[in-house]
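Protein chains: 2
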Amino acid sequence: MNGAAALIRTLVGGGVDVCFGNPGTSEMHFVAALDGVPEMRGVLCLFEGVATGAADGYGRMSDRPAGVLLHLGPGLANGLANLHNARRAATPLVTVVGDHAGYHKEYDTPLDSDIDALAGTVSGWVRRTARAGDVGADAADAIAAARSAPGRIATLILPADVSWSEGGEVAPPAAVAEPTAVADDVLASVADALGSGEPCALLLGGAATREPGLRAAARVAAAAGARLFCETFPARLERGAGLPPLERLPRAAEQVVQRLAGIGHLVLVGARSPVSFFAYPDRASDLVPAGCAVHTLAAGADDAVGALAELADRLGASAEVATQPLLRPALPGGELTPDAVGRVVGALLPEGAIVVDEGVTSTRQMPVPTAGAPRHDWLTLTGGAIGQGLPLATGAAVACPGRRVVSLEGDGSAMYTLSALWTQAREGLDITTVILSNRSYRILEGELRNVGAEAAGPRSRDFLELSRPDLDFVSLAAGMGVPGSRARTAEEFARQFARAIEEPGPHVIDAVLLAS
Amino acid sequence: MNGAAALIRTLVGGGVDVCFGNPGTSEMHFVAALDGVPEMRGVLCLFEGVATGAADGYGRMSDRPAGVLLHLGPGLANGLANLHNARRAATPLVTVVGDHAGYHKEYDTPLDSDIDALAGTVSGWVRRTARAGDVGADAADAIAAARSAPGRIATLILPADVSWSEGGEVAPPAAVAEPTAVADDVLASVADALGSGEPCALLLGGAATREPGLRAAARVAAAAGARLFCETFPARLERGAGLPPLERLPRAAEQVVQRLAGIGHLVLVGARSPVSFFAYPDRASDLVPAGCAVHTLAAGADDAVGALAELADRLGASAEVATQPLLRPALPGGELTPDAVGRVVGALLPEGAIVVDEGVTSTRQMPVPTAGAPRHDWLTLTGGAIGQGLPLATGAAVACPGRRVVSLEGDGSAMYTLSALWTQAREGLDITTVILSNRSYRILEGELRNVGAEAAGPRSRDFLELSRPDLDFVSLAAGMGVPGSRARTAEEFARQFARAIEEPGPHVIDAVLLAS
Chain H
1 MNGAAALIRT LVGGGVDVCF GNPGTSEMHF VAALDGVPEM RGVLCLFEGV
51 ATGAADGYGR MSDRPAGVLL HLGPGLANGL ANLHNARRAA TPLVTVVGDH
101 AGYHKEYDTP LDSDIDALAG TVSGWVRRTA RAGDVGADAA DAIAAARSAP
151 GRIATLILPA DVSWSEGGEV APPAAVAEPT AVADDVLASV ADALGSGEPC
201 ALLLGGAATR EPGLRAAARV AAAAGARLFC ETFPARLERG AGLPPLERLP
251 RAAEQVVQRL AGIGHLVLVG ARSPVSFFAY PDRASDLVPA GCAVHTLAAG
301 ADDAVGALAE LADRLGASAE VATQPLLRPA LPGGELTPDA VGRVVGALLP
351 EGAIVVDEGV TSTRQMPVPT AGAPRHDWLT LTGGAIGQGL PLATGAAVAC
401 PGRRVVSLEG DGSAMYTLSA LWTQAREGLD ITTVILSNRS YRILEGELRN
451 VGAEAAGPRS RDFLELSRPD LDFVSLAAGM GVPGSRARTA EEFARQFARA
501 IEEPGPHVID AVLLAS
Chain Y
517 MNGAAALIRT LVGGGVDVCF GNPGTSEMHF VAALDGVPEM RGVLCLFEGV
567 ATGAADGYGR MSDRPAGVLL HLGPGLANGL ANLHNARRAA TPLVTVVGDH
617 AGYHKEYDTP LDSDIDALAG TVSGWVRRTA RAGDVGADAA DAIAAARSAP
667 GRIATLILPA DVSWSEGGEV APPAAVAEPT AVADDVLASV ADALGSGEPC
717 ALLLGGAATR EPGLRAAARV AAAAGARLFC ETFPARLERG AGLPPLERLP
767 RAAEQVVQRL AGIGHLVLVG ARSPVSFFAY PDRASDLVPA GCAVHTLAAG
817 ADDAVGALAE LADRLGASAE VATQPLLRPA LPGGELTPDA VGRVVGALLP
867 EGAIVVDEGV TSTRQMPVPT AGAPRHDWLT LTGGAIGQGL PLATGAAVAC
917 PGRRVVSLEG DGSAMYTLSA LWTQAREGLD ITTVILSNRS YRILEGELRN
967 VGAEAAGPRS RDFLELSRPD LDFVSLAAGM GVPGSRARTA EEFARQFARA
1017 IEEPGPHVID AVLLAS
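Line order of the protein sequences matches chains H and Y.
Going by the numbering used here, the first residue of the first sequence is number 1, and it counts up by one from there.
Going by the numbering used here, the first residue of the second sequence is number 517, and it counts up by one from there.
Next up, the structure:
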């Protein structure tokens, strides 16, 4: 068999049976080999940023890597921003980048570029396969690297002649590194801090924001009288009725400072120490209160969940924890504001929903009205590179058929990777997209003030406005085969949202927030 | 003044007075400073790939760099594919990438990434400015690097605190390196080859595809009895009635081999030696005929046009050259095929038009029916990274108000950077976009055969089809404020094209080539 066939069979054997892609000539043997391996599901995307974002969403929801098939350096470049987000989310993901045949490289033909340099900026593992006989083993190593704790992007660069040459051999799965147990002295030191009598808090991130971690953390918090926080941008937060509630740290630096005020010991569990998202003139980057001691219980490949459970036992914590009751807000009426959108979502969100949140400014308050909705997952913009939402929703829906995906999307960020809607239509995915149309890069209007540039005049403000002309998302969705509707009041939005979450396949609601 | 103001004033003083951008927080001082420098025109793009492609189009048409303002590593990543194309076109271009404040870097916050590594893959010049006092001088150096022969991308990485700090100083323009005169022995050796009596050909690229180069090359060719070729993907080819005609080399390797058969001496003038665009099993990459001697008259920073003129004089060439007569095809009727589109464009193209060609398979034959149209420029996909066309057209129109831009675009490639249409609407640009809708990645169907993967079945073919659902470009254009129409016959297309090229502002024609 040729290298491409060995690659696909090794991927499938290693549990990678979905591949999002936008291939070109150098990947044609991979594409041709799809017919021989029906276990591999190929999902066509019209832009590489959609493919990489979808693989991120798939990996977050299935805890298994998806494959991404990219065409040479430019294809990888187009997918980099969402790989950046996936890297920050520690999502397991296997990227296959086709390259020119080895003997062709010396000619520096038009599409040639430095793939290795690009791949290095986002990947935790990169390898260039030298011959067809190595493809299987390299692919098995890539999968193992991607899956090893805490999860990473593994990039395999595959020259075309390696794909098309005979001599490919399927390789069995390689060993995956499991999370590492946290050392006893670390546990003891954290237990001491929590028992100090000073105000304490746990800050959860990574694997600790899923049910086992949340339950163990809630036991610790109850035993120690500590507060429970979640990092600002969790990759996947399990929340809602029946799960322990916690506070998500806000994005705005001054609000983080307020929330953490008075805490004497802050324990990091798979999260990083709080810092400002951006730097601002005359303001500190480090947001830890003066005098607060920061303790790292678990980071990187550490077994955060195991450490929390062990800590809870050491503290003599009860096995029972308080959980969030089912508590929905009333359906709002009147003006369509971000708050009204949040209340409608909180009132109607179905059990088992997956919420993909790239609403930027418009969804900042949404954790509150949705906290008591039936159990759901909340996926956020881990790396800050906008254009993640629609692709992430696409991949989450592929990973979880039967669950409703609710994609909350800013109008500015939607325009980055809008063609994800076409893939949603093609694959018949149950995704309800809400475009929060405030017709501006609203976040930047605030940032213009934050950096001290108050004197902004009409020319600079014009650079932040998405009006002139207005974007019509109903028309844009229709152009890609996705039905849509426009809501201008809370009642209209509630009606359309209620219908859309029941209807099979994708739907776009253009929620016009002009009063916001 | 702060660093941002010094930057913009230095740019304007150095002739960089248009900036395409999609800014974020780290660029807010640049945006705020726009109000103080009305000479700088800021053009907002909804995706960075639009901004970089527009800057490429602007640079190709004005021979002056535009600025591009990008937000951190992910913003640069989104713009990389079109920077790759600009690099291959040797377009002068100044990229400004905002970064976090220097003191903020140690925290490795969500948007942090290796900007320098990304910039290095496409830039001929990269510098990270260390303090506000250096911004002006660094910007002046960037402009000089971008403009120095043969043209390149200069990337300035600008930490936010450098932008916002006081102490900025405007710098005067720095020295630009002009093209280097070609050495006498090179000229003599090429003159000998051309005088050998064997079949000879000149292959033009870079600066030699503009009128002065074309005229000098035509004199040389006439005196030496040599054939005149243009490289497959010229950055900007001046052609049409009144200019010397020449043959553009096709993309397909086997066709290049046919065209070059029998040539004994091939003289490269700003072009590279012909090689296959991709490698294919059992086929050579080098397309130069066996026994043909390749001579380089001018490459890189060499003065190709001066060398051609000197060579013409040495060969005693006449000052007069044969030029292309005005010769338009008749308007076709019946089925809308790529050939019919070509004839309509040839029949109606207005004087001074700028044709941006990203039609991929659908425009391969178009050089023939348009050869005798009134004088125009033809811009091509220099780096092979699709998604260039609509942005390139946008920048060309900004550079050349009063000239009609005709943007010939494949449906697959259009979807990469479609939001360029919004910028076209916002800026009121006179661009007629023709989407050549064959509803597939047609080029890949051929490539699947070329790489020897004939046995493709339904699952692999499905990966190359853009149907299911069909893309509706009239609806997509309307969603971004651009009027559109759909043509299904040659007559409909001719009528719509004739109207659109007269009408101010942008228009999209969805040319459905189902019979193709």
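Just so you know, even glycine gets a beta-carbon here, dropped at the ideal spot from N, CA and C.
On a predicted model such as this, the values are computed, not experimentally measured, just so you know.
Check	Outcome
Taking C-beta pairs closer than 8 Å, name the residues in chain H that residue 795 of chain Y reaches, listed in chain order.	100, 101, 103, 104, 160, 161
Could you give the distance in angstroms between the alpha-carbon of residue 516 of chain H and the alpha-carbon of residue 339 of chain H?	The predicted model places residue 516 of chain H with a pLDDT of 45, which falls under 50 and marks its position as unreliable; any figure quoted below should be read in that light. Cα-Cα distance, rounded: 9 Å.
Considering only the alpha carbon of each residue, which of Y:699, Y:847, Y:905, Y:881 lies closest to residue 873 of chain Y?	Y:905
Helix, strand or coil, according to DSSP, for residue 906 of chain Y in the structure here?	helix
Quick one: grab the DSSP three-state call for residue 516 of chain H.	With a pLDDT of 45 at residue 516 of chain H, under the threshold of 50, the predicted position of this residue should be treated as unreliable, though the coordinate-derived value follows. Coil.
According to DSSP, is residue 508 of chain Y part of a helix, a strand, or is it coil?	Examination of residue 508 of chain Y is not possible in this model, given that chain Y is present from 517 through 1032 alone.
Can you list, in chain order, the residues of its chain with a C-beta nearer than 8 Å to that of residue 513 of chain H? Leave out the 5 residues immediately preceding and following it.	336, 337, 338, 341, 362, 436, 437, 438
For residue 930 of chain Y, I'd like the list of residues in its chain whose CB is within less than 6 Å of its CB, leaving aside the five on either flank, ordered along the chain.	951
Helix, strand or coil, according to DSSP, for residue 955 of chain Y in the structure here?	coil
Output the residue ranges of the beta strand (DSSP E) runs that lie fully inside the region 928 to 1000 of chain Y and measure 3 residues or longer, sorted by chain position.	947 to 953
So which residues of chain Y does residue 169 of chain H contact, with C-beta pairs closer than 9 Å?	By Cβ distance, chain Y contributes nothing, its closest Cβ being about 20 Å from residue 169 of chain H, past 9 Å.
Where does the unbroken alpha helix (DSSP H) through residue 775 of chain Y begin, and where does it stop?	769 to 776
Quick one, are the C-beta atoms of residue 326 of chain H and residue 296 of chain H less than 7 Å apart?	no
What residues in its chain sit with their C-beta under 6 Å from that of residue 915 of chain Y, if we drop five residues either side in the sequence?	574, 577, 578
Can you find the residues in the same chain that come closer than 7 Å, C-beta to C-beta, to residue 791 of chain Y, ignoring five residues on each side of it along the sequence?	801, 802, 803
So which of Y:527, Y:570, Y:565 has the shortest CA-CA distance to residue 913 of chain Y?	Y:570
Just reading off the alpha helix (DSSP H) that residue 565 of chain Y is part of, what are its end residues?	564 to 578
Please name the residue in H:457, H:347, H:43, H:28 whose C-alpha comes closest to that of residue 494 of chain H.	H:347
Hey, residue 810 of chain Y and residue 789 of chain Y: beta-carbon distance below 7 Å or not?	yes
Since residue 472 of chain H meets chain Y, which of its residues come closer than 7 Å, beta carbon to beta carbon?	994, 995
Under a three-way DSSP split, which group does residue 853 of chain Y fall into?	coil
If you measure beta-carbon to beta-carbon, which residues of the region 884 to 905 of chain Y are closer than 9 Å to chain H?	897, 898, 899, 900, 901, 902, 903
Which same chain residues end up closer than 6 Å to residue 218 of chain H when comparing Cβ atoms and leaving out the 5 residues on each side of it in sequence?	244, 321
Of all the options H:70, H:13, H:45, which has the alpha carbon lying nearest to the alpha carbon of residue 983 of chain Y?	H:45
Does the separation of the CB atoms of residue 201 of chain H and residue 266 of chain H fall below 7 Å?	yes
So, using beta-carbon positions, are residue 425 of chain H and residue 484 of chain H closer together than 7 Å?	no
Determine, using beta carbons only, whether residue 990 of chain Y and residue 1002 of chain Y come nearer to each other than 7 Å.	yes
Is any heavy atom of the ligand HEM found at a distance shorter than 6 Å from the C-beta of residue 898 of chain Y?	No copy of the ligand HEM appears in this structure; indeed no ligand is present at all.
Using DSSP with H/G/I as helix, E/B as strand and the rest coil, what is residue 888 of chain Y?	coil
What does the alpha-carbon distance come out to for the pair residue 314 of chain H and residue 301 of chain H?	22 Å
How would you call residue 849 of chain Y, buried or exposed, if buried means at least 16 neighbouring beta carbons within 10 angstroms?	exposed
Thinking C-beta only, is residue 234 of chain H closer than 7 Å to residue 209 of chain H?	yes
Going by DSSP, which residues form a beta bridge with residue 159 of chain H?	H:99
Does the beta-carbon distance from residue 611 of chain Y to residue 642 of chain Y come in below 7 Å?	no
Going along the chain, which residues of its own chain have a beta-carbon closer than 7 Å to the beta-carbon of residue 151 of chain H, five neighbours each way excluded?	90, 91, 92
Give me the Cα-Cα distance between residue 847 of chain Y and residue 1013 of chain Y, rounded to the nearest whole angstrom.	12 Å
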